[in-house]
Amino acid sequence: MTRYFRSQGSNASEAASQAIAWVGQTLQQQVDFLAYIDVFWTLAMIGALMIPLALIIKPIDLRAPAKGH
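The working numbering puts the sequence shown at residues 430 to 498.
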């Protein structure tokens, strides 16, 4: 990448800084994407676990008299 920025007219120190910044930006984009996938996967697993849980819960009889206070 340094050679690319040098060919675009930057001097050696600017080209090195630009290359490091470009690599950092690319890495950050990949990290953001992978984090998004992890969050999506986690929410999908939570949603999948809620289905059996909903089937296990005892139904409530709304016609029965209220209990408690």
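Every residue gets a Cβ at the ideal spot worked out from N, C-alpha and C, and that includes glycine.
Cut-off 8 angstroms between Cβ atoms - residues of its own chain near residue i, not counting five sequence neighbours on either side
i    : result
E443 : F434
S439 : Q447
Delimiting residues of the alpha helix (DSSP H) encompassing residue i
i    : result
I435 : The question names Ile, but residue 435 in the sequence shown is Arg. R435 -> alpha helix (DSSP H) spans T431 to S436.
G476 : A441 to I485
Residues near residue i by beta carbon distance below 7 angstroms, same chain, minus five either side
i    : result
W451 : M430
S436 : none
A464 : none
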